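What follows is a single structure, written as structure tokens, with notes after it.
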Amino acid sequence: MGLSPRHRLLNLVQSALLIGGMAILAWVIVSAIAGPEMTLAIVGGSVLGLLFLPALPKRVLLNAYGARPLGRHDFPEGVQMVERLAQRAGLPAVPALYYVPSQMPNAFALGTPEDSAICVTDGLLRILNRRELAGVLAHEVAHIVNRDLWIMGLADAMSRAVSVASWMGQMILLLNLPLIMVGVAHVPWIVPVVLIFSPTLMALLQLALSRTREYDADRGAVELTGDPEGLASALKKLERRLGRFWEEMFLPGRRIPEPSLLRTHPPTEERIRRLREMAAELAGRDGGDWPAAPLSIDLAQPPRPPRFGPWGVYR
Numbered sequence: 001m002g003l004s005p006r007h008r009l010l011n012l013v014q015s016a017l018l019i020g021g022m023a024i025l026a027w028v029i030v031s032a033i034a035g036p037e038m039t040l041a042i043v044g045g046s047v048l049g050l051l052f053l054p055a056l057p058k059r060v061l062l063n064a065y066g067a068r069p070l071g072r073h074d075f076p077e078g079v080q081m082v083e084r085l086a087q088r089a090g091l092p093a094v095p096a097l098y099y100v101p102s103q104m105p106n107a108f109a110l111g112t113p114e115d116s117a118i119c120v121t122d123g124l125l126r127i128l129n130r131r132e133l134a135g136v137l138a139h140e141v142a143h144i145v146n147r148d149l150w151i152m153g154l155a156d157a158m159s160r161a162v163s164v165a166s167w168m169g170q171m172i173l174l175l176n177l178p179l180i181m182v183g184v185a186h187v188p189w190i191v192p193v194v195l196i197f198s199p200t201l202m203a204l205l206q207l208a209l210s211r212t213r214e215y216d217a218d219r220g221a222v223e224l225t226g227d228p229e230g231l232a233s234a235l236k237k238l239e240r241r242l243g244r245f246w247e248e249m250f251l252p253g254r255r256i257p258e259p260s261l262l263r264t265h266p267p268t269e270e271r272i273r274r275l276r277e278m279a280a281e282l283a284g285r286d287g288g289d290w291p292a293a294p295l296s297i298d299l300a301q302p303p304r305p306p307r308f309g310p311w312g313v314y315r
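Under full-length UniProt numbering, the first residue of the sequence shown carries the number 1, and numbering increases by one thereafter.
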């Protein structure tokens, strides 16, 4: 549909600036500890790993979440939605659809445009209708098309490298503390400050990048479905179900403050506001292909309650 090239360019520039800032910070911190040659080897190894081993994390995660594939016999509507959305997005291969037996409503994508998967939980399928599910699936397809999974993997690799380098640097300073105290060695005050706070700064940049990619995936979903209201309605339902999940578990009856800097996703209210703006842009156009009708899928078997698996994965 080609909505707002200016907005798409703005998101691209913002993502490039965030990745660039993370790369510069990672190079400075890691090279200060490991040296330029070793840092170059670490960077090269990380990039090669992300390029040539994209399927390994996908298989591991699918097994960790207990996901099982959904075929045409299990969920014909969902499979047809994914096929049509993948065709519209120009993906080289249709993402495989998986069912995760979790009561927490959620959806996520794995893999690359050439070999990808979209997982939907039992809790999600129980609360959404066809129109809303189409918006959620289109959002995940947009993540795959934009290669957000690879981008976030690169950001995560840089963040982990900085955390390791920061820890090693602090250990080196601690071991040399006696020499520093007697004046044999001198360390500028800025060095320990940078070592201590660089992992936090990297984490904040990574979260900002994640929020930027979410906005772009929302817009991509609207371009695929032509129906901002479907995704907006799904987001409202998810916010009602998930917004107070942790509060009810840990602090019943109280609000947990969530600063915007610490969110992996943008505030739902802001996402819905932007979707409403897109709805105004699409006034008079086709409002999508999927009606707000119940899903036809058998969910008679209740899933096990959410829990932590042996590898710390929430299931």
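Positions of the beta carbon are idealized from the N, C-alpha and C atoms, including for glycine.
Note that the structure is predicted; figures quoted are calculated from it, not measured.
Using C-beta distances below 6 angstroms, list every residue in its chain close to MET158, excluding the 5 sequence neighbours before and after it, in chain order.
Against the sequence shown, residue 158 aligns to sequence position 158. Here the set comprises MET22 and ALA26.
Going by DSSP, what residue range makes up the alpha helix (DSSP H) through PHE197?
The residue labelled residue 197 in the question sits at position 197 within the sequence shown. It spans 190-225 - the alpha helix (DSSP H) in which PHE197 sits, taken as one unbroken run.
Using only CA atoms, which one of SER233, GLU214 and LYS236 lies nearest to VAL145?
As a working mapping, residue 145 is identified with position 145 in the sequence shown. Among SER233, GLU214 and LYS236, the Cα nearest to that of VAL145 is on GLU214.
By how many angstroms is the C-alpha of PRO228 removed from the C-alpha of ARG274?
Position 274 of the sequence shown, counted from the first residue, corresponds to residue 274. Position 228 of the sequence shown, counted from the first residue, corresponds to residue 228. Straight-line Cα distance between these residues: approximately 9 angstroms.
Tell me which same chain residues have a C-beta within less than 8 angstroms of the C-beta of VAL141, skipping the five on either side of it?
Stepping through the sequence shown from its first residue, residue 141 is reached at position 141. Contacts found: VAL82, LEU85, ALA86, ALA89, LEU91, PRO95, ALA109, ILE118, GLY220, ALA221 and LEU224.
Contact check, LYS236 vs ILE272 under 8 angstroms by CB: the rounded distance?
One-based indexing of the sequence shown puts residue 236 at position 236. One-based indexing of the sequence shown puts residue 272 at position 272. At roughly 7 angstroms, the Cβ-Cβ gap stays under 8 angstroms, so LYS236 and ILE272 are in contact.
Rounded to whole angstroms, what is the Cα-Cα separation between LEU251 and ARG241?
To locate residue 251, count along the sequence shown from 1; it is residue 251. To locate residue 241, count along the sequence shown from 1; it is residue 241. Low confidence applies here, because LEU251 scores a pLDDT of 43, under 50, leaving its location unreliable and the question unanswered by this model.
For THR212, I'd like the list of residues in its chain whose CB is within less than 8 angstroms of its CB, leaving aside the five on either flank, ordered along the chain.
Counting from 1 along the sequence shown, the entry for residue 212 is found at position 212. The answer, listed in chain order, is ASN11, GLN14, SER15 and LEU18.
Express the C-alpha separation of ARG59 and LEU299 in angstroms, rounding to a whole number.
Here the question's residue 299 lines up with position 299 in the sequence shown. Here the question's residue 59 lines up with position 59 in the sequence shown. Taking the straight line joining both Cα atoms gives about 24 angstroms.
Between the Cα of ARG131 and those of LEU282, GLY111, ARG276 and GLU77, spot the shortest distance and give me the residue it belongs to.
Along the sequence shown, read from residue 1 onward, the residue named residue 131 stands at position 131. Here the closest residue by C-alpha is GLU77.
In whole angstroms, what is the alpha-carbon distance linking LEU204 and PRO291?
Walking along the sequence shown from the start, residue 204 turns up at place 204. Walking along the sequence shown from the start, residue 291 turns up at place 291. Distance between the alpha carbons of LEU204 and PRO291: 39 angstroms.
Determine the DSSP secondary structure at TYR314, reduced to helix, strand or coil.
Residue mapping note: residue 314 aligns to position 314 of the sequence shown, counting from 1. The predicted model places TYR314 with a pLDDT of 49, which falls under 50 and marks its position as unreliable, so this point remains unresolved.
Comparing C-alpha positions only, which one of THR112, LEU179, LEU201 and GLN170 sits nearest to TRP150?
Walking along the sequence shown from the start, residue 150 turns up at place 150. With distances taken between Cα atoms, TRP150 lies closest to THR112.
For GLY123, which residues in the same chain have their Cβ closer than 8 angstroms to its Cβ, ignoring the five residues on either side in sequence?
As a working note, residue 123 is residue 123 in the sequence shown. So the list reads SER102, GLN103, MET104, PRO105, ASN106, ARG241 and PRO303, once near-sequence residues are dropped.
Counting only C-beta atoms, is ALA117 closer than 9 angstroms to chain E at any point?
Judged by its chain identifiers, the structure shown contains no chain E, having just a single protein chain.
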